[in-house]
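> The numbering used here numbers the first residue of the sequence shown as 34 and each following residue consecutively.
C-beta atoms are modelled at their ideal positions from N, C-alpha and C, and glycine is treated no differently.
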Amino acid sequence: MAESSTEIRSSFVIRLIGAMALDPVVYEEIEADRSATAQALVVVVLSSLSAGIGARAYTNGSVGAVLFISGLALVAWLTWALVTFQIGARLMPEPQTRSDVGELLRTIGFSAAPGMLRLFGIVPGATIPAFAITAVWMLAAMIVAVRQSLDYTSTARAVAVCALGWTLALAIAVTLGLVFGPPVQ
Numbered sequence: 034m035a036e037s038s039t040e041i042r043s044s045f046v047i048r049l050i051g052a053m054a055l056d057p058v059v060y061e062e063i064e065a066d067r068s069a070t071a072q073a074l075v076v077v078v079l080s081s082l083s084a085g086i087g088a089r090a091y092t093n094g095s096v097g098a099v100l101f102i103s104g105l106a107l108v109a110w111l112t113w114a115l116v117t118f119q120i121g122a123r124l125m126p127e128p129q130t131r132s133d134v135g136e137l138l139r140t141i142g143f144s145a146a147p148g149m150l151r152l153f154g155i156v157p158g159a160t161i162p163a164f165a166i167t168a169v170w171m172l173a174a175m176i177v178a179v180r181q182s183l184d185y186t187s188t189a190r191a192v193a194v195c196a197l198g199w200t201l202a203l204a205i206a207v208t209l210g211l212v213f214g215p216p217v218q
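#1: Pick out whichever of A204, A193 and A54 has its Cα sitting closest to the Cα of L124.
#2: Excluding the five sequence neighbours on either side, which residues of its own chain have a C-beta within less than 8 Å of the C-beta of T186, listed in chain order?
#3: For L197, tell me which candidate among G87, W113 and R180 has the shortest Cα-Cα distance.
#4: Whole angstroms is fine: what's the gap from G121's alpha carbon to T160's?
#5: For the alpha helix (DSSP H) containing T70, name the first residue and the last one.
#6: How about A202 and V116: are their beta carbons less than 8 Å apart?
#7: Go through its chain and collect everything with a Cβ distance to I86's Cβ below 7 Å, but skip five positions before and after it.
#8: Output yes or no for whether 8 Å exceeds the beta carbon distance between L55 and A206.
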């Protein structure tokens, strides 16, 4: 999508709202806007920090535990993104699939926007619901992001790519958490 001088790009906040609303048009705009890479990185970092803060109820609440969970969330997202690119663009592309890592990372970065709501996990009794709801919401957003950035005509293919990537990334994150993570209370 070539940008003309009369085209108006959405603001960061509008993109966040559109990404959380699963709006394919917003994901197309993000895909095409190379300057959105920094915004996508901000979304991923905020989502990861929200995971660390929101999980405090299940850790000792120390800064180290928050940073570890945040780092683990960041590694899980990065793993999910890279595995998804490999599966979606290399193993399961459709004939019209034309994408580079930057396009996919931008859209997938914004698909992490619902993860910022994991912050509400800090409320007593809300941790598990906050993480469960945002995990499913992030998966749905990732499906839209992958479908748009890989130019899929099949939503089922995007679902398969994302589910497989999510499963592999989750397995890696759980393994790392069990081996290196702080004790769970």
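A quick look at the data gives this:
#1: A193
#2: E127 and Q129
#3: W113
#4: 32 Å
#5: T70 to G87
#6: yes
#7: V99, L152 and I155
#8: no
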